[in-house]
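Asker: In the working numbering, the protein residues as written are 1219 to 1419.
I'd like to ask some things about the structure below.
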């Protein structure tokens, strides 16, 4: 797994004030969209003047990047922590899919912003986020490759299966919760079963 090209702590901001600004921005970005939200509106939701945001984030785009970096890094960290490299491939895939799905369900507002506002990032910032996304996909790809090599899986197309599995997890942030799926753990169980069938386990 290749390491992110940015230092997460320095780019995101470690102060309590910066965390409050990010949390407020996530809520408004998720509700209205990045393009329809102003920095002034984010500051006002916290009872701050617009100028109070700038010591932490110089632009609205730099705030979005901080949120994107934090979210993508957290999702990847959860995924790698869930992986058990010495376990059978089916156990590894089940654990990582469950972790990925539950992260997107528990953090659905944050995930909605970081997954669906990528087009609003600058070219440099998009490249940094894309590197983390590739590292995330690589976790699943390596597990599927190991399963095919051992004979535990019979995947028709490893790249397509990897894309489908990551897309399932990402899409949770678009609609969760719903009338039929409001429990992250139960949803994760369903998606694990679908993923295992997808690779011919």
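For each residue, glycine too, the CB sits at the ideal point set by N, CA and C.
Classify residue 1311 as helix, strand or coil using the three-state DSSP reduction.
Answerer: helix
Asker: Exposed or buried, which one is residue 1288 when buried takes at least 16 other CB atoms within 10 Å?
Answerer: buried
Asker: Just to confirm, is the Cβ distance from residue 1301 to residue 1313 under 8 Å?
Answerer: yes
Asker: If you reduce the DSSP assignment to three classes, tell me which class residue 1371 lands in.
Answerer: DSSP places residue 1371 outside both helix and strand once states are collapsed to three, so it counts as coil.
Asker: Below 8 Å CB to CB, which residues in the same chain sit around residue 1263 once its five sequence neighbours on both sides are set aside?
Answerer: Cβ within range, chain order: 1242, 1245 and 1246.
Asker: Touching or not, the segment 1264-1271 and the segment 1324-1332, by the rule of three or more beta carbon pairs under 8 Å?
Answerer: In this structure the segment 1264-1271 does not lie against the segment 1324-1332, because fewer than three pairs of beta carbons, one per stretch, are closer than 8 Å.
Asker: Kindly indicate which residue of 1230, 1375 and 1339 has the alpha-carbon position closest to the one of residue 1274.
Answerer: 1230
Asker: Closest to residue 1407 by C-alpha separation, out of 1337, 1339, 1319 and 1393, would be which residue?
Answerer: When each option's Cα is compared against that of residue 1407, the closest is 1319.
Asker: Tell whether a beta-carbon distance below 8 Å holds between residue 1417 and residue 1367.
Answerer: no
Asker: Would you grab the beta carbon distance between residue 1309 and residue 1413 for me? Rounded to a whole angstrom, and I think it's under 8 Å.
Answerer: The C-beta distance from residue 1309 to residue 1413 rounds to 12 Å, too long to fall under 8 Å, and the pair is not in contact.
Asker: What separation, rounded to the nearest whole angstrom, lies between the Cα atoms of residue 1409 and residue 1281?
Answerer: 32 Å
Asker: Which of the three DSSP states is assigned to residue 1318 in this structure?
Answerer: helix
Asker: Count the other C-beta atoms from every protein chain shown that fall within 10 angstroms of the C-beta of residue 1278, then say buried if there are 16 or more, exposed otherwise.
Answerer: buried
Asker: Kindly indicate the opening and closing residues of the alpha helix (DSSP H) around residue 1392.
Answerer: 1376-1393
Asker: State the CB to CB distance for the pair residue 1373 and residue 1362, rounded to an integer number of angstroms; the pair is presumed to be in contact (CB under 8 Å).
Answerer: 6 Å
Asker: Tell me, to the nearest whole angstrom, how far the beta carbon of residue 1347 is from that of residue 1339; I am working on the premise that it is less than 8 Å.
Answerer: 6 Å
Asker: Give me the Cα-Cα distance between residue 1235 and residue 1326, rounded to the nearest whole angstrom.
Answerer: 22 Å
Asker: Leaving out five residues before and five after residue 1238 in sequence, what residues of the same chain have Cβ atoms less than 7 Å from its Cβ?
Answerer: 1264
Asker: Enumerate in chain order the residues of its own chain whose CB-to-CB distance from residue 1324 is below 7 Å, with the five nearest sequence positions on each side excluded.
Answerer: 1402
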